[in-house]
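*Asks:*
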Amino acid sequence: MTTPTPPTRRSGRVVVLASGAGSTLAAMLAAQEDPTYPARVVAVVSDRATAPALDRARAAGLATAVVVPRDFPDRAAWDAAVAEAVDVFSPDLVVLAGFMRVLGTPFVERFAGRALNTHPSLLPAFPGAHAVRDALAYGVRLSGCTVHLVDAGLDSGPVLAQAAVPVRDGDDEDALRARIQQVERDLVVDVVGRVAAEGVTVDGRRATFGRPGPR
Ligand code: GAR
Numbered sequence: 001m002t003t004p005t006p007p008t009r010r011s012g013r014v015v016v017l018a019s020g021a022g023s024t025l026a027a028m029l030a031a032q033e034d035p036t037y038p039a040r041v042v043a044v045v046s047d048r049a050t051a052p053a054l055d056r057a058r059a060a061g062l063a064t065a066v067v068v069p070r071d072f073p074d075r076a077a078w079d080a081a082v083a084e085a086v087d088v089f090s091p092d093l094v095v096l097a098g099f100m101r102v103l104g105t106p107f108v109e110r111f112a113g114r115a116l117n118t119h120p121s122l123l124p125a126f127p128g129a130h131a132v133r134d135a136l137a138y139g140v141r142l143s144g145c146t147v148h149l150v151d152a153g154l155d156s157g158p159v160l161a162q163a164a165v166p167v168r169d170g171d172d173e174d175a176l177r178a179r180i181q182q183v184e185r186d187l188v189v190d191v192v193g194r195v196a197a198e199g200v201t202v203d204g205r206r207a208t209f210g211r212p213g214p215r
């Protein structure tokens, strides 16, 4: 038997971790143009100084930080530096949006229950950096995306939400990725807004929005 953890605080300061193009970040920034949207991206932290996501952040007037692994003696030191860089902005939520590295225990423990990751497959199928390619190579007819809480594993934390995307005959990696990401951006915006407004309750592998229901 597991004991549910209390829901996280209901507030919406978000720090985004991003390594790449930042299309997910862009969707979140578009969503927060609506003043009733409950979450606000306040900063973007990247492991790559040249990540286009940083340009998007700067263009939106957001604070940015870059924490490059090769500047640190080992992974634990880099991991601690990422946690520090994020913590500076006092986030209620941390969203890994196209962040292509696994974060270790110091980061995961510091932000337990309030760090989310988005991944372009129906987890637990096809974790890792090549999810869309791996799904196509396997020959699945249905793929999609998953938003989940971050734990110390590879795309392995409790699932908050998923959306399915059918594979079409003739799909290549770019075509399938584009259709998944279209759905994924809406899913991330929805989940981040709900987590900010309602909190999250975790009971073992089950993650639900809001407070625990009757048991
Ligand atoms: C998304 O499809 C996300 O699931 C994926 O990167 C894309 C976002 O890129 N992340 C992973 O594959 C992590 N395992 P963008 O927001 O930089 O455009």
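Counting in this note's numbering, the sequence shown runs from 1 upward without gaps. Ideal placement from N, C-alpha and C gives every residue a C-beta, glycine not left out. Being a predicted model, the structure only gives us computed values, none of them experimental.
(1) Do you know offhand how far residue 173's Cα is from residue 195's?
(2) Using 6 Å as the cut-off, classify the Cβ of residue 24 as near or not near the heavy atoms of the ligand GAR, replying yes or no.
(3) Quick check: does the Cβ of residue 146 come within less than 6 Å of any heavy atom belonging to the ligand GAR?
(4) Would you call residue 68 buried or exposed, if buried means 16 or more other Cβ atoms sit within 10 Å of its Cβ?
(5) Is residue 130 near the ligand GAR, judged by its Cβ being under 6 Å from some heavy atom?
(6) Please report the residue range of the beta strand (DSSP E) in which residue 201 lies.
(7) Exposed or buried, what is residue 22 when buried is set at 16 or more other beta-carbons lying within 10 Å of its beta-carbon?
(8) Inspect the CB distances between the region 134 to 141 and the region 192 to 207 and report whether three or more fall short of 8 Å.
(9) Taking 6 Å as the cut-off, does the CB of residue 135 come closer than this to any heavy atom belonging to the ligand GAR?
(10) Within 10 angstroms of its Cβ, does residue 185 collect 16 or more other Cβ (buried), or is it exposed?
(11) Does any heavy atom of the ligand GAR sit closer than 6 Å to the C-beta of residue 21?
(12) Closer than 8 Å by C-beta to residue 164: which residues in its own chain qualify, once you throw out the five before and the five after it? Chain order, please.
(13) Do residue 120 and the ligand GAR come close, with the Cβ less than 6 Å from some heavy atom?
(14) From the DSSP output, read off the bridge partner residues of residue 207.
(15) Could you spell out where the beta strand (DSSP E) holding residue 46 opens and where it closes?
(16) Shortest alpha-carbon distance to residue 153 belongs to which of 29, 117, 197?
(17) Could you check if residue 153 belongs to the surroundings of the ligand GAR, using beta carbon to heavy atom distance under 6 Å?
(18) Extract the residue ranges of the beta strand (DSSP E) inside the region 48 to 82, only unbroken runs of 3 or more that lie entirely within it.
(19) Anyone know if the C-beta pair for residue 219 and residue 44 falls short of 7 Å?
*Replies:* So, from the listed chains and residues:
(1) 31 Å
(2) yes
(3) no
(4) exposed
(5) no
(6) 200 to 203
(7) buried
(8) no
(9) no
(10) buried
(11) yes
(12) 122, 142, 143, 144
(13) yes
(14) 202
(15) 40 to 46
(16) 117
(17) no
(18) 63 to 66
(19) Outside the modelled stretch of the chain, which goes from 1 to 215, sits residue 219, for which no answer is possible.
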